[in-house]
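K.L.:
Take any residue in the sequence shown, count from 1 to its spot, add 2: that is its number in our numbering.
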Amino acid sequence: MVQCGLGVPRDGVWKIGQLSRELQQVVAAYPEAFEEGYKQGATSASI
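(1) Whole-angstrom Cβ separation of Ile18 and Gln26, contact assumed at under 8 Å?
(2) Are Val29 and Leu21 close, meaning C-beta to C-beta below 8 Å?
(3) In whole angstroms, what is the alpha-carbon distance linking Arg2 and Glu38?
(4) Might you give, ordered along the chain, the residues of its own chain that have their beta carbon closer than 8 Å to the beta carbon of Tyr32, omitting 5 neighbours on each side?
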């Protein structure tokens, strides 16, 4: 997952829509890699 330094909103859920258009296109092009990275990031954030 791209480490972009975005904070999560008040609801605590990070959203793809927070990314720039270019990064949203990268996520759309590589959805499996993004999901895996997102899961890893969520796991490490909850430890």
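For glycine and all other residues, C-beta sits at the position ideal for the given N, C-alpha and C.
P.N.:
To lay it out plainly:
(1) 6 Å
(2) yes
(3) Beyond the ends of the chain as shown, which are 3 and 49, falls residue 2; an answer cannot be given.
(4) none
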